[in-house]
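For our numbering, count along the sequence shown from 1 and bump the result up by 4.
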Amino acid sequence: MKCLQQKLSGLALAVSIVGSFASNVVAQAPADPAAPAAPAAPAAPAAAPAAPSAGTADADLVQNVENLLHYYLIGNYTLAATEATNLVARPDDIVLVRTAERMAQDRGIPLDTLLAKFRDQAELKDVTAQLVDKLNKIRMAHVRDPQVIAQNIDKLSGNQRERDNGLLGLQQAGEIAVPLMLDRLRDNAKANQHATILNAMANLRGGGVVAPLIAATDMKDPGLLAKIADVLMELQYNEVIPYLVAKVEDPNSPAALKASISAALARKGINVKTVRAGDLFYELAEKYYYNLAAIRPDPREPKARVWFWDDAGGLVHRDAPPAIFADIMAIRTAELAMKHGSTGDAVSLWLAANNKREVEAPQGEVGYPYADLTAHYWNVRIGAQHLNAVIRRSMNDGDGHTSIDPTQRSVHTLITLKAIKSMAEITGQSNMAGTQLIDAMRYPDRTVRYEAALALAAGLPQRPFPGQERVIVLLGEALAQTGTPGVLVFANQPTDVQKIGTALKDKFRTAGGTNAAQVIAESATLPSIDAILVAEDVNPDELRKLFAIASDSARLDHSAKVVMVAGKGSPWFRAALSDQRLSATTATTDAPDLLVEAINAGKKRAGGVPVDDATAMEYAVRSAAVMNKLAISRGQVLDILAIEPTLLSSLGDSRVELAKAAAQVVGLLDSSKAQSALCDKAIDEKTADDVKIPMYKALAANVKFFGGRLDETRIDTLRKSASNEKTPDVKSAAAEALGALNMTTEQVKPLILDRPGFNPVAAPAQ
Numbered sequence: 005m006k007c008l009q010q011k012l013s014g015l016a017l018a019v020s021i022v023g024s025f026a027s028n029v030v031a032q033a034p035a036d037p038a039a040p041a042a043p044a045a046p047a048a049p050a051a052a053p054a055a056p057s058a059g060t061a062d063a064d065l066v067q068n069v070e071n072l073l074h075y076y077l078i079g080n081y082t083l084a085a086t087e088a089t090n091l092v093a094r095p096d097d098i099v100l101v102r103t104a105e106r107m108a109q110d111r112g113i114p115l116d117t118l119l120a121k122f123r124d125q126a127e128l129k130d131v132t133a134q135l136v137d138k139l140n141k142i143r144m145a146h147v148r149d150p151q152v153i154a155q156n157i158d159k160l161s162g163n164q165r166e167r168d169n170g171l172l173g174l175q176q177a178g179e180i181a182v183p184l185m186l187d188r189l190r191d192n193a194k195a196n197q198h199a200t201i202l203n204a205m206a207n208l209r210g211g212g213v214v215a216p217l218i219a220a221t222d223m224k225d226p227g228l229l230a231k232i233a234d235v236l237m238e239l240q241y242n243e244v245i246p247y248l249v250a251k252v253e254d255p256n257s258p259a260a261l262k263a264s265i266s267a268a269l270a271r272k273g274i275n276v277k278t279v280r281a282g283d284l285f286y287e288l289a290e291k292y293y294y295n296l297a298a299i300r301p302d303p304r305e306p307k308a309r310v311w312f313w314d315d316a317g318g319l320v321h322r323d324a325p326p327a328i329f330a331d332i333m334a335i336r337t338a339e340l341a342m343k344h345g346s347t348g349d350a351v352s353l354w355l356a357a358n359n360k361r362e363v364e365a366p367q368g369e370v371g372y373p374y375a376d377l378t379a380h381y382w383n384v385r386i387g388a389q390h391l392n393a394v395i396r397r398s399m400n401d402g403d404g405h406t407s408i409d410p411t412q413r414s415v416h417t418l419i420t421l422k423a424i425k426s427m428a429e430i431t432g433q434s435n436m437a438g439t440q441l442i443d444a445m446r447y448p449d450r451t452v453r454y455e456a457a458l459a460l461a462a463g464l465p466q467r468p469f470p471g472q473e474r475v476i477v478l479l480g481e482a483l484a485q486t487g488t489p490g491v492l493v494f495a496n497q498p499t500d501v502q503k504i505g506t507a508l509k510d511k512f513r514t515a516g517g518t519n520a521a522q523v524i525a526e527s528a529t530l531p532s533i534d535a536i537l538v539a540e541d542v543n544p545d546e547l548r549k550l551f552a553i554a555s556d557s558a559r560l561d562h563s564a565k566v567v568m569v570a571g572k573g574s575p576w577f578r579a580a581l582s583d584q585r586l587s588a589t590t591a592t593t594d595a596p597d598l599l600v601e602a603i604n605a606g607k608k609r610a611g612g613v614p615v616d617d618a619t620a621m622e623y624a625v626r627s628a629a630v631m632n633k634l635a636i637s638r639g640q641v642l643d644i645l646a647i648e649p650t651l652l653s654s655l656g657d658s659r660v661e662l663a664k665a666a667a668q669v670v671g672l673l674d675s676s677k678a679q680s681a682l683c684d685k686a687i688d689e690k691t692a693d694d695v696k697i698p699m700y701k702a703l704a705a706n707v708k709f710f711g712g713r714l715d716e717t718r719i720d721t722l723r724k725s726a727s728n729e730k731t732p733d734v735k736s737a738a739a740e741a742l743g744a745l746n747m748t749t750e751q752v753k754p755l756i757l758d759r760p761g762f763n764p765v766a767a768p769a770q
């Protein structure tokens, strides 16, 4: 039946637009519409007509197009697809486009309209997309051919039809036509064409054509520049104004040029006496930075063009990735803002734009303008004051959310991370006050918080500063990172807490309780808290208390807050509509997948981006390394003992490198618990030899710094381990720990007398 309907559809279309094909189409329609169509060999296409224009298309091309139209019109889409594939395989040539356009139009329907209908058929959809791309590519190459542009410029001096066609061709060519038009305007031998060219320039379409004209304002010809200024004002793009005001402010500009540009600006309501080019450039740089400028690359092109003026050669361009065109222009205009004395912080904006360019540049792209400006080099070279401004801007711009992919960080968050990593290299006592790193420790994205804490700790601060307590808390959280998200559960009954934990166990680590105090206490058992999941029937006062504590906690303040409500009529559901920090869901433990989905949605709203295992390990090791420096530097103000439980827990981490790194830090803690934990881990038979060694050595270091604090039971066990360890290196490490205890004579004697194989009567073994 579907086949019948397709053929009838083909019949209807053919009858309406193709008189010469009517008999062929009717021959393909079934005699009885109620009966199934009998299979039949496809009708042969009619003999191809003569080429549309002698000498413009070969017979094979004409027949190819004829076959395509024929098979489509009779509803044989499989053979039509074959013919379309043949067209796609032909060399790129404007003759192909012109032939197809004429032959489609001869049958009463424009080619592009016909191709749009092709897309409706499954058999033709993919190959039609290829054919359309090919035709557009050919058309674009044709209108941008320098000879064709020159012909279109010449048409501007012809009759009305020629002028219209010439202007249309130049509009289709876009920005690439502007250099050739300017070359004609600079050619006094073509003076008779100048007026029509200027008029055509003022009627070019799109912000893309403005870019080369703006670049042309660097020309030294004041007469032509005045005319270009008029054209720029006629195009009505505010982006041109700073460049024209700069010409008026330029002491080297002739008076006549200043007067002409001032008059052109005045006609648009701009008084050059009340504006400053530097400030206008700063505003324009910000528009580019936020992708708000109307001047954008041609979307039809794979590369963007960045235009420059050369007095000898005229307009020239360099290619750039379209994704960073606005960033490049932001850098350029920020430089102009500096040059013309902007009152805004153009230096910091320049620095921010350069970081943004590096973040957004496609990997592997080189050779475009400003590609040589390594962001980190300029970040550290320009210094903390301006880098702080970059961090402040990027944090204000991006709150950790991304509307495209919740698993990816926003551009502004990536800029923040890049700037903070540079700041870590230059932050110290002299420039720590007022640093944005302190504010960054409250940023929604945890990686930003970790980087800020790491940077502040690496500066080994010697004087107290606001928010210093967050540094150690965040370092501890980074140390404990595993890549598995953590969820705090608050429910009315212990059984409900357990049930929710069971439902989430495949995706999250959970802990929780039945009142605010218990929930907060249990939070210490999780490496990090990604979400707080609350049952609707909990005590409201307790919930408010929990949320209040969470909002003031370095570990909890950016956790997603998700309330499991009974229905959409719940006040919590209504509250979640207006509170960005709160989410509500009707998902229950009976549908764990939906509950997981709800928690992830809440994390997205709160700015939480997943941290994978590799990233978690990186932050854990880096945190341990910086805490090791803090422990060695005893004059600094950060107290590592505040996270002693986390450090001791890390000694048993299954990630060997992290356990070893944690041992180094614990070995420097002034704590009896530290010695006990190191000893217990070292003497444990289940501990691998490569982990035992750093544990024993860290224990020895701790004893040397702070004296022996082990109880007699542990000393006795350590004594036996020093004798019984099988691996020589492990045995030596255990002996070092034992020797550091500086035992009494009575404690030492058993080491000698009770050693394996000892017999004071027998001769020593050879």
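The beta carbon of each residue, even a glycine, is placed where N, CA and C say it ideally should be.
As the structure is a computational prediction, the values presented were derived from the model and not from experiment.
- Straight through space, the alpha carbons of Arg659 and Ile647 are spaced by roughly 19 Å.
- The three-state secondary structure of Ile299, taken from DSSP, is coil.
- In this structure, the straight-line span from the alpha carbon of Glu546 to that of Gly387 is close to 47 Å.
- In terms of Cα proximity to Val695, the closest of Thr731, Thr514, Asp302 and Ser346 is Thr731.
- With the rule of 3 Cβ pairs closer than 8 Å, the segment 449 to 456 does not count as touching the segment 511 to 521.
- In this structure, DSSP gives Ile536 an extended state, which the three-state scheme calls strand.
- Counting along the chain, Asp583 sits inside no beta strand (DSSP E), nor does DSSP assign it H or E at all.
- When the beta-carbon positions are compared, Val182 and Pro216 come within less than 9 Å of each other.
- In terms of CA proximity to Leu655, Ala686 leads the group Ala356, Val501 and Ala686.
- Here Glu87 is buried, its C-beta having at least 16 other C-beta atoms within 10 Å.
- According to the DSSP secondary-structure assignment, Val493 is paired through a beta bridge with Gly516 and Leu537.
- Just so you know, the alpha carbons of Gly573 and Ala579 end up roughly 11 Å apart.
- Assignment of Lys701 by DSSP, reduced to helix, strand and coil, places it in the helix class.
- Rounded to whole angstroms, Pro114 and Val566 show a C-alpha spacing of 56 Å.
- In the assembly as shown, Thr650 is a buried residue. Its beta-carbon has 16 or more other beta-carbons within 10 Å.
- Secondary structure in the segment 81 to 134: the alpha helix (DSSP H) runs of 4 residues or longer, each lying completely within the stretch, are 81 to 93, 98 to 110 and 115 to 122 in chain order.
- Closest by C-alpha distance to Asp222, out of Lys343, Asp315 and Leu355, is Asp315.
- Ser532 is the residue among Ser532, Ile180, Ala635 and Met568 whose C-alpha sits nearest the C-alpha of Ala558.
- For His390, the uninterrupted alpha helix (DSSP H) run begins and ends at Ala388 to Asp401, by DSSP.
- In terms of Cβ geometry, Gly639 and Gln466 form a close pair [threshold 9 Å].
- By the CB criterion at 9 Å, Ile335 and Ala324 fall outside the cutoff.
- Under DSSP, the beta-bridge partners assigned to Gly318 are Asp314.
- Burial check for Ala126: the Cβ neighbour count within 10 Å stays below 16, so the residue is exposed.
- For Phe285, the number of other beta carbons within 10 angstroms of its own is at least 16, and it is reported as buried.
- Rounded to whole angstroms, Ser653 and Val501 show a C-alpha spacing of 24 Å.
- A check of alpha carbon separations from Thr592 across Met205, Leu722, Glu540 and Asp130 identifies Glu540 as the nearest.
- Assignment of beta-bridge partners to Lys565 by DSSP yields Ile536 and Leu586.
- DSSP, read as helix, strand or coil, puts Arg309 in strand.
- The residue among Glu526, Val491 and Ala495 with its C-alpha nearest the C-alpha of Phe512 is Val491.
- DSSP places Asp168 in the uninterrupted alpha helix (DSSP H) bounded by Gln164 to Ala177.
- With a cut-off of 8 Å on Cβ pairs, the segment 295 to 314 is not in contact with the segment 341 to 356, counting fewer than three such pairs.
- One Cα belongs to Lys138, the other to Glu290, and the distance between them is close to 38 Å.
- DSSP places Ala206 outside both helix and strand once states are collapsed to three, so it counts as coil.
- The C-alpha of Leu418 lies about 13 Å from the C-alpha of Arg396.
- Secondary structure within the segment 217 to 293: the alpha helix (DSSP H) runs of 4 or more consecutive residues, fully enclosed, are 226 to 239, 245 to 253, 259 to 270 and 281 to 293 (chain order).
- Taking Arg188 as the centre and dropping the five residues before and after it, the same chain places the C-beta of Ile157, Lys194, Gln197 and Ile201 closer than 7 Å to its C-beta, in chain order.
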